[in-house]
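Note that the protein sequences, when read in sequence, are chains A and B.
The opening residue of the first sequence carries number 1 in UniProt numbering; numbering runs sequentially from there.
The opening residue of the second sequence carries number 1 in UniProt numbering; numbering runs sequentially from there.
Built from N, CA and C at the ideal position, the CB exists for glycine as well.
2 protein chains.
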Amino acid sequence: MSAEIICVGTELLLGDILNSNAQYLAKELARLGIPHYYQSVVGDNPGRIHQVLEMAIARSSILIFTGGLGPTPDDLTTETIAEFFHTPLIEHPEVLQDITEKFAMRRREMTPNNRKQALLPQGAAVLPNPSGTAPGMIWQPKPDLTLLTFPGVPSEMRRMWQETAVPFLQAQGWGKQIIHSRLLRFWGIGESTLATKVADFFDSPNPTVAPYASAGEVRLRVSAKAPSEGEAIRLIEPIAAQIQAIAGADYFGHDEQTLATVVGELLRDRQQTLSVAESCTGGGLGEMLTQVAGSSDYFQGGVISYANTVKTQLLGVSPELLNQLGAVSEPVAKQMALGVQKQLGSDWSLSITGIAGPGGGSDHKPVGLVYIGLAAPNQTVDIFEYRFGQERDRATIRYMSACNALDRLRRKLLDSPS
Amino acid sequence: MSAEIICVGTELLLGDILNSNAQYLAKELARLGIPHYYQSVVGDNPGRIHQVLEMAIARSSILIFTGGLGPTPDDLTTETIAEFFHTPLIEHPEVLQDITEKFAMRRREMTPNNRKQALLPQGAAVLPNPSGTAPGMIWQPKPDLTLLTFPGVPSEMRRMWQETAVPFLQAQGWGKQIIHSRLLRFWGIGESTLATKVADFFDSPNPTVAPYASAGEVRLRVSAKAPSEGEAIRLIEPIAAQIQAIAGADYFGHDEQTLATVVGELLRDRQQTLSVAESCTGGGLGEMLTQVAGSSDYFQGGVISYANTVKTQLLGVSPELLNQLGAVSEPVAKQMALGVQKQLGSDWSLSITGIAGPGGGSDHKPVGLVYIGLAAPNQTVDIFEYRFGQERDRATIRYMSACNALDRLRRKLLDSPS
Numbered sequence: 001m002s003a004e005i006i007c008v009g010t011e012l013l014l015g016d017i018l019n020s021n022a023q024y025l026a027k028e029l030a031r032l033g034i035p036h037y038y039q040s041v042v043g044d045n046p047g048r049i050h051q052v053l054e055m056a057i058a059r060s061s062i063l064i065f066t067g068g069l070g071p072t073p074d075d076l077t078t079e080t081i082a083e084f085f086h087t088p089l090i091e092h093p094e095v096l097q098d099i100t101e102k103f104a105m106r107r108r109e110m111t112p113n114n115r116k117q118a119l120l121p122q123g124a125a126v127l128p129n130p131s132g133t134a135p136g137m138i139w140q141p142k143p144d145l146t147l148l149t150f151p152g153v154p155s156e157m158r159r160m161w162q163e164t165a166v167p168f169l170q171a172q173g174w175g176k177q178i179i180h181s182r183l184l185r186f187w188g189i190g191e192s193t194l195a196t197k198v199a200d201f202f203d204s205p206n207p208t209v210a211p212y213a214s215a216g217e218v219r220l221r222v223s224a225k226a227p228s229e230g231e232a233i234r235l236i237e238p239i240a241a242q243i244q245a246i247a248g249a250d251y252f253g254h255d256e257q258t259l260a261t262v263v264g265e266l267l268r269d270r271q272q273t274l275s276v277a278e279s280c281t282g283g284g285l286g287e288m289l290t291q292v293a294g295s296s297d298y299f300q301g302g303v304i305s306y307a308n309t310v311k312t313q314l315l316g317v318s319p320e321l322l323n324q325l326g327a328v329s330e331p332v333a334k335q336m337a338l339g340v341q342k343q344l345g346s347d348w349s350l351s352i353t354g355i356a357g358p359g360g361g362s363d364h365k366p367v368g369l370v371y372i373g374l375a376a377p378n379q380t381v382d383i384f385e386y387r388f389g390q391e392r393d394r395a396t397i398r399y400m401s402a403c404n405a406l407d408r409l410r411r412k413l414l415d416s417p418s
Numbered sequence: 001m002s003a004e005i006i007c008v009g010t011e012l013l014l015g016d017i018l019n020s021n022a023q024y025l026a027k028e029l030a031r032l033g034i035p036h037y038y039q040s041v042v043g044d045n046p047g048r049i050h051q052v053l054e055m056a057i058a059r060s061s062i063l064i065f066t067g068g069l070g071p072t073p074d075d076l077t078t079e080t081i082a083e084f085f086h087t088p089l090i091e092h093p094e095v096l097q098d099i100t101e102k103f104a105m106r107r108r109e110m111t112p113n114n115r116k117q118a119l120l121p122q123g124a125a126v127l128p129n130p131s132g133t134a135p136g137m138i139w140q141p142k143p144d145l146t147l148l149t150f151p152g153v154p155s156e157m158r159r160m161w162q163e164t165a166v167p168f169l170q171a172q173g174w175g176k177q178i179i180h181s182r183l184l185r186f187w188g189i190g191e192s193t194l195a196t197k198v199a200d201f202f203d204s205p206n207p208t209v210a211p212y213a214s215a216g217e218v219r220l221r222v223s224a225k226a227p228s229e230g231e232a233i234r235l236i237e238p239i240a241a242q243i244q245a246i247a248g249a250d251y252f253g254h255d256e257q258t259l260a261t262v263v264g265e266l267l268r269d270r271q272q273t274l275s276v277a278e279s280c281t282g283g284g285l286g287e288m289l290t291q292v293a294g295s296s297d298y299f300q301g302g303v304i305s306y307a308n309t310v311k312t313q314l315l316g317v318s319p320e321l322l323n324q325l326g327a328v329s330e331p332v333a334k335q336m337a338l339g340v341q342k343q344l345g346s347d348w349s350l351s352i353t354g355i356a357g358p359g360g361g362s363d364h365k366p367v368g369l370v371y372i373g374l375a376a377p378n379q380t381v382d383i384f385e386y387r388f389g390q391e392r393d394r395a396t397i398r399y400m401s402a403c404n405a406l407d408r409l410r411r412k413l414l415d416s417p418s
C-alpha cells in the first residue's frame, strides 16, 4: 500500500520551473505516514502518460497527479486518465456553474475552452478548487486503486490537498502512525556554531533533530513518530525546550512564526507602535511587517526615502550631512530613524540605509554595507553596521537588511522592560 | 533517441529537499536539443532502482542518474546499476589515489567507506569530480545505451555536467540542434482569452507556441529548434512579432523583463520620476520597483500610509473624507496619489488602498476590494477599482495590487506622448 506522485507538464521537462509540488506532497505523505517510493515527471503527452500509468498502477495503490487541468489544448490529464481506463467523460453541471460564477465575479470572459474543465470520468468525485477554476477529482476506477488529480498551481493544489484530500485519506485509514515535526528557527547565529552547541541531540532516535540551512536563518527540525499528533508533540516539547534554553535569544520562534510575527506579538503585548524609514530596501521592510494580518495594531507605516531629497524633505535629514558623509552612514541612519519616529509619532522606529548593489559600491563603502537604526521610545538610537559581502546579490542584501532590522528590534524588545 | 533523468535519494521522497538537479538537467537537455520525456525519483533501494532501470532502458537511450555516490551504506547507485547489468565492479587505483589526496589536502579523515567510491563496473569510464570526492561514470553497457552518473550535490553535479558530460554528448553528435525559447509575458488578459486569440499558433511545428499560467500573469513560450541560437532566434522573431501585434498592450515584455523593469525603462526614457503612496501593500509596490538595479534614476520613494493618521499627516488626506467614506474609497485613493506627488515633487504617482484580508471585509466592502490611483504630470488622476475576490489570500491580493498598479502606469505611459 503506497502512494506515488506523477507530475504532468512539459514545462517541467524543459526545466522552466522547479518541481515544488513533488516536494510538498512528499513531505505530506511522510507526515501522514503513507509509504512513498516513486515520483515521475512526464510531459503533456497521452501516450507517455499512459506508459507511466501502466507502471504506476502495478506498484502503487494511490496515484497523485498534478498538472494538466487547465483550459488549453495542452491540458489533457483528465481525458488521458479516463481513456486509459476506457471510461467516458461526463459533464458536471454544478462544476460548470461554479466555473461560470467565478468568471462572472472576476469580470473575466469565460471561453469554450473552460467547458472541458467540467468534464470528469464517469464515477469520479469532484475535488473542489476554491482558489482557482479547475477542480480535480478523486476516483477509484477499480478496487485498491485511488487516483487524485490536482492543478499544477502550487497554492491551489495545497489548499485542495489540505481541505479535501487529507481528510479523505485519513478517513480511508491512512495516517495511523504519523510523523509530526517542529521547525525551530534561529537568527544571528551560524549553522555550524549552533550545530556544535546542540550536537548531542543529533543522535536522538525519536524525536530526531536535523539541521537545515536557509538564507540567513538557521533551522533545526525536531521530528517525532507516534500514533497521534498529540503524542508526537509530547515527545517533541522537552527536546525543543532544552534546545531553546541552550540557544537563548538566538532562537526566535518555530514553524510559521517569522521575525515579523514575533516582533508583532511583542509590540502588540506592549501596545506600542512602530514606523520605518527605508532607503535601499525600498519598502521591503514595511512589506515584510505587513505580511502579517493584524499588523495595523502596531505598524503605522513609514517613509520610503529612496532619493536623498526625500530623506531631507520628509525625514528632516540634514542636507549638509548627506553631502559630507553620504546617505550610507551612521549619522544619516540615526536621523532617518528619529525623523520618521517624530513624524509619525511612533514609539519605536527602524531605519535602513545601505548599498544593495550591484552598482554603487566603492573601496570605502562596498556593496553590502548597510546601516540599521533603531530608535526607542526615549529617543535613544542604536546603530548597527552590516557588511553582507560584495559577492552577495541585490535581492539577498535587501532581504538580509530587512530581517536583521526586525531581529534587532526583537532583541531590544526582549531586553527592555515593557 | 532520448534522455531520461533518474534521481536517487530517499531525502527526495521525504520531501526534505527540492529537486533542483532535475530542473537543471532538464534545462540543459532542452538547450542541447536532446529529447527528454521522463523523469523519475526513487529511493536508496536496489529493487526499486532496478524497476526504474527496467522501464528506462526500454524507452530512452541516455540515462542520467543523480545521487547515491557517497560513502555511506545508503549510497548504492553504482553497485545497483552494475548488478542490473550483471557486471562486476573493479577498483580504479587512480580514483582511489585521487580520493586519498583530496582527504589529505582537506585534513579530513578518510574512512574504509570511501574505498567503495573507487569501484566502477568493468568497462565504465571515470567521470571526474573536481569539486567533491565521488566520481561519477560514463558507461555504455550495451549498444545504444549510455549511462551517466553524478553525485546529488548540485554544485558538484553541474560542474561535472559542464566540464565532462556536455563535451562527451556533443562529441557523440548530440546538441547539433539546439532549442532556444522566448517567453512572452502578458498582463491584464485571461489565459483562455489569450489562448483563443492566438489559437492558430498552437499548431505551429517549429517554432512551437505553448501557454503557461502564472499568478496573475499569462505567458506564451515560443520555442524553435535550429542548428544555432542565432538561427533559432530568426525563426522565433516573426512569430513573436505577430503575437505581440495581436495582443497589443496586453503584451508587456519577454523573458527577464518584468512590469517593474518595463515601467522603469519607460520612465527613464522620458526622464520622469515616480512616487508611491501605499496602504494595504505596506511597501510592496516600492519593494517591487526597487528590485530593479538603477531604479533610483526614476523612483524617488514614497509614503507607507498604513494607518489613517499617516494618510492625513503626510499625504494631506482629509480626515472628514476618511470618516465619511473610509480609507478604501475612490476619493481617498485620489488624495493619496495627489498628496505623495506633491510632497515628493514627482512627475507620476501611484496610490493603493484596499482590503487585503483575511479580516476587514464587509458586505459593502469585501476582502479583495482595492483602489489604485494614478496621478499624471498634469495632476489628473485615474482611479481603478479591483475586486480580486474574497477567497484570494492576503499575499495574492497584495501582490496583484502592486502588479496592477505597475501595469496601469505602463499602459498610461505607452498611451501618453513623452
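Nearest neighbour of Pro-151/B by Cα position, chosen from Asn-378/B, Phe-65/B, Ile-372/B and Val-332/B, turns out to be Phe-65/B. Apart from sequence neighbours up to five positions away, the residues of its chain that approach Lys-102/B with a beta-carbon distance below 7 Å are Thr-133, ordered along the chain. The beta-carbon of Gly-33/A is placed no less than 7 Å from the nearest beta-carbon of chain B. CA-CA distance, Thr-164/B to Ala-124/B, rounds to 14 Å.
Assigned with DSSP and collapsed to three states, Lys-142/A falls in strand. In the structure shown, the three-state DSSP call for Tyr-298/B is coil. Exposure of Gly-248/A is indicated by the presence of fewer than 16 other C-beta atoms within 10 angstroms of its C-beta. The alpha-carbon separation between Glu-256/B and Val-209/B amounts to approximately 18 Å.
Within the stretch 202-219 of chain B, Phe-202, Ala-210, Pro-211, Tyr-212 and Ala-213 place their CB atoms closer than 7 Å to a CB of chain A, listed in sequence order. The alpha-carbon of Thr-100/A is positioned some 31 Å away from that of Gln-291/A. At least 7 Å separates the CB of Thr-261/B from every CB of chain A. Counting C-beta atoms within 10 angstroms of its own C-beta, Ser-60/B has 16 or more neighbours from the protein chains shown and is therefore classed as buried. For Ser-192/B, the uninterrupted alpha helix (DSSP H) run begins and ends at 191-197, by DSSP.
Asp-44/A is not a Cβ neighbour of Asp-16/A, given a cutoff of 7 Å.
Residue state for Asp-382/B is assigned as strand, using DSSP reduced to three classes.
The alpha-carbon separation between Arg-108/A and Ala-195/B amounts to approximately 14 Å.
For the C-beta of Arg-270/A, not a single chain B residue is nearer than 9 Å; the gap to the nearest is close to 17 Å. The way I'd put it, the stretch 16-32 of chain B doesn't touch the stretch 292-300 of chain A; fewer than three beta-carbon pairs between them come closer than 8 Å. Gly-339/B places its beta carbon 7 Å or farther from that of Gly-368/B. As the crow flies, the alpha-carbon of His-254/B is around 28 Å from that of Gln-39/B. In this structure Phe-201/A does not touch Ile-236/A by the C-beta definition: roughly 12 Å separates them, more than the 8 Å allowed. A contact is defined here as three or more CB-CB pairs under 8 Å, and the stretch 220-228 of chain B fails this definition with respect to the stretch 129-149 of chain A.
For Phe-299/A against Tyr-251/A, the beta-carbon gap comes to about 24 Å, at or over 8 Å, which does not count as contact. Per DSSP, reduced to three states, the secondary structure at Glu-11/A is helical. Among the bridge pairs identified by DSSP, Gln-39/B is matched with Val-41/A and Ile-5/B. The three-state secondary structure of His-50/A, taken from DSSP, is helix. Counting only runs of 4+ residues, the alpha helix (DSSP H) found wholly inside the stretch 51-122 of chain A occupies 77-84 and 93-105, in chain order.
Any Cβ of chain B closer than 7 Å to the Cβ of Phe-299/A would place that residue at the interface, and such an atom is present. For Leu-344/B, the CB contacts under 6 Å within the same chain, skipping 5 residues up- and downstream, are Ser-275 and Gln-300 in chain order. Arg-410/B is not a Cβ neighbour of Val-218/B, given a cutoff of 7 Å.
With its beta carbon at least 7 Å from every one in chain B, Met-157/A lies outside the interface. Ile-304/B sits close to Gly-282/B, with the two beta carbons spaced by under 7 Å. Using a Cβ distance threshold of 7 Å, Pro-331/A and Leu-321/A count as a contacting pair.
Within chain B, the residues Leu-13 have their CB atoms less than 7 Å from the CB of His-36/A, given in chain order.
In the DSSP annotation of this structure, the continuous segment of the alpha helix (DSSP H) that includes Lys-342/B starts and ends at 330-344. Taking 3 residues as the shortest admissible run, the stretch 352-401 of chain B contains the following complete beta strand (DSSP E) segments, listed from N- to C-terminal end: 369-375 and 381-387.
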